[in-house]
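J.: Under numbering that gives the first Met the number 0, residues 0 to 416 are what the sequence shown spells out, in order.
I'd like to ask some things about the structure below.
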Amino acid sequence: MHTLKGTPAHLTGGPAGVKLPRMARTQVGIVGAGPAGLVLAHLLGERGIESVVLERHTRDYIEHRVRAGLLEHRTVELLREHGLGGRMLELGQVHRGTELRFDGQRHRIPYSDLYGGRTMLVYPQQELVADLVRLRLAADGEIVFEADDVALHDIESERPSLTYRENGACHELECGFIAGCDGFHGVSRPSIPPGALTTYGFELPFAWLGIIAAVAPSTSEIIYALHERGFAGHMLRTNEISRFYLQVEPDDDIANWPDDRIWFELRTRFATNDGWTLREGPILEKSITDMRSFIAEPMRHGRLFLAGDAAHIVPPSGAKGMNLAISDARVLSEALAAWYGSGSTALLDSYSETCLRRVWRVQEFSNWMSWMIHKIPDGVPDASFRRRLQRAQLEYLTTSPSAAASFAENYVGLEDV
Ligand SMILES: Cc1cc2nc3c(=O)[nH]c(=O)nc-3n(C[C@H](O)[C@H](O)[C@H](O)COP(=O)(O)OP(=O)(O)OC[C@H]3O[C@@H](n4cnc5c(N)ncnc54)[C@H](O)[C@@H]3O)c2cc1C
């Protein structure tokens, strides 16, 4: 443990060498061991700032929970610079372009060439979570798995705390700060008094049926296909496993989707005029995910700071959720480091504003992309007008180098927003 210059004693966890009761006190209590919480714990630990991560699920569960898989250049660089990317760099696949399909035609957008050679990396989120957990535990970081009934207290005071149960026993953890990294359905955001947050958001009129299939990819680059029956996406995972998405109705039931129907729709929606074929294989997992946009402002209340999905959700079309979560963690770690290093509150005070600039940019891009690649359902107001706009958008993007360059910088991830 490091005692930090200029830090009030109750925030340091006690003088060096004194063993406090297990988890009675920490500098930063982190709720949630997703990408935001784990990256934050690492970045703080690197600067000598203590944290304890409380995670509701088991280690095995979070290390196998299938979600995102596309890392922005900036995210990869951050993880690499902080020694968190060894396995990711070894096993991840570098991507330099993506394909848009419509009218049976294929259009490649070489985003790397269009954005200074920056690339994306395909690496499954659950693998990254597993790496971060392993590295954190190896560095003697504390992660409490299966922490039940986590509750936040006194977040407006200088001594906020967390209570939780572990194996039935109640624990209390006094914190200097609390980081709410517990996702959209977590407990942190609802702990903020009503009226203190302004929320924005809406449900998009489509959902994604996502499958994991034990089959080699049929493409070397991600495909986004718009067909009159709806969107189909071919994402990459590994050489043996592929991820596919189909646009379905938001209230659709997975029971309506036997494997044969899924492969029929994928074949139909991906069909091209040049004889491209889809490899098929056993479906290992399938689920339906609603698409929503959501932002809570500000991302701070008192000594509680929200990060990642706890504060914002973007539709998955642009593959940005995990990247935003890690970006918030970086900003928050720098703000907390400034406080613990010099007592400066400047970065803590600007945390929300700094993060929200990027969040809104990504929200706009993810929405723009979502409306461009999905079949616009009949029930949407002005559906026929929107479909003609969509067509104009697709034609512009696939014919104008300027439009493609703008797409590239947003997709690969703007550096300075
Ligand atoms: C089904 C699904 C599919 C997705 N697909 C994509 C995709 O293809 N591309 C993309 O970019 N993004 C995708 N996303 C979004 C992306 O996965 C998230 O944006 C990312 O996980 C956010 O990271 P986070 O750390 O903020 O939150 P999370 O990863 O949600 O982590 C939050 C953690 O907090 C824990 N937790 C929750 N409540 C509590 C509590 N009360 N007490 C203690 N712990 C708690 C959770 O168990 C979880 O481990 C998907 C999300 C979902 C749900």
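We put the beta carbon where it would ideally sit given N, CA and C, even for glycine.
As the structure is a prediction and not an experimental result, all values here were calculated from the model.
Check whether the Cβ of Leu54 lies closer than 7 Å to any heavy atom of ligand 1, and answer yes or no.
T.: Going by the sequence as given, residue 54 is Glu instead of Leu. Yes; taking the cut-off as 7 Å, the Cβ of Glu54 has a heavy atom of ligand 1 nearer than that.
J.: Among Ile312, Glu414, Tyr410, which one has its Cα closest to the Cα of Arg95?
T.: Tyr410
J.: For Cys90 and Leu283, what's the separation of their Cα atoms in angstroms?
T.: Note on residue identity: the sequence assigns Leu, not Cys, to residue 90. Whole-angstrom Cα-Cα distance: 21 Å.
J.: With C-beta atoms as the reference, is Ala402 less than 8 Å away from Tyr395?
T.: yes
J.: Provide the residue span of the beta strand (DSSP E) that contains Glu239, from first to last.
T.: First-last for Glu239: undefined, no H or E at that position.
J.: Taking 7 Å as the line, does the beta carbon of Thr353 fall inside it for any heavy atom of ligand 1?
T.: A distance criterion of 7 Å places the beta-carbon of Thr353 beyond contact range of ligand 1, judged by its closest non-hydrogen atom.
J.: Heavy atom of ligand 1 less than 7 Å from the Cβ of Gln26, yes or no?
T.: Result no, Cβ not under 7 Å from ligand 1.
J.: For ligand 1, I want to know if His184 counts as a neighbour, meaning its beta carbon is within less than 7 Å of at least one of the ligand's heavy atoms.
T.: yes
J.: Have a look at Met371 and Ser341 and give me their C-alpha separation to the nearest angstrom.
T.: Roughly 47 Å separates the two Cα atoms.
J.: Exposed or buried, what is Glu220 when buried is set at 16 or more other beta-carbons lying within 10 Å of its beta-carbon?
T.: buried
J.: In whole angstroms, what separates the C-alpha of Asp327 from that of Gln104?
T.: 38 Å
J.: Quick check: what's the CA-CA separation for Gln392 versus Glu98?
T.: Looking at the two C-alpha atoms, the distance is approximately 15 Å.
J.: Any chance the CB of Leu305 is under 7 Å from a heavy atom of ligand 1?
T.: no
J.: Can you tell me whether Phe205 is buried or exposed? The criterion is at least 16 other CB atoms within 10 Å of its CB, across all chains shown.
T.: Around the Cβ of Phe205, a 10 Å sphere holds 16 or more other Cβ atoms; the residue is buried.
J.: Around the C-beta of Arg117, are 16 or more other C-beta atoms found within 10 angstroms, so that it is buried, or is it exposed?
T.: buried
J.: Is Val30 near Gly179, with beta carbons less than 8 Å apart?
T.: yes
J.: Is Pro315 near ligand 1, in the sense that its beta carbon is under 7 Å from a heavy atom of that ligand?
T.: Yes, the Cβ of Pro315 comes within 7 Å of a heavy atom of ligand 1.
J.: List the endpoints of the continuous alpha helix (DSSP H) containing Trp359.
T.: 345-372
J.: Do Tyr244 and Ala231 have their C-beta atoms within less than 8 Å of each other?
T.: Cβ atoms of Tyr244 and Ala231: closer than 8 Å.
J.: Inspect the beta-carbon positions of Glu173 and Ser156 and report whether they are closer than 8 Å.
T.: no
J.: Quick one: is the Cβ of Leu78 within less than 7 Å of any heavy atom of ligand 1?
T.: no
J.: Would you say Val30 touches ligand 2, meaning its beta carbon is less than 7 Å from a heavy atom?
T.: Within the structure as shown, ligand 2 is missing, the only ligands being ligand 1.
J.: With distances taken Cα to Cα, identify the nearest neighbour of Arg64 among Gly140, Gln124, Gly185, Phe101.
T.: Gln124
J.: For a test of the three-state rule: what should DSSP assign to Lys4, helix, strand or coil?
T.: With a pLDDT of only 30 at Lys4, under the threshold of 50, the placement of this residue in the model should not be trusted, and no figure is reported.
J.: Let me make sure I understand the geometry here. Which of Ser50, Val75, Glu126, Gly320 has the alpha-carbon closest to that of Val361?
T.: Gly320
J.: From what residue to what residue does the alpha helix (DSSP H) around Pro400 run?
T.: 400-411
J.: Answer yes or no: the CB of Gln124 versus the heavy atoms of ligand 1, is any distance below 7 Å?
T.: yes
J.: Kindly indicate which three-state DSSP category Phe201 falls into: helix, strand or coil?
T.: strand
J.: Would you identify the three-state DSSP class for Val330, choosing helix, strand or coil?
T.: helix
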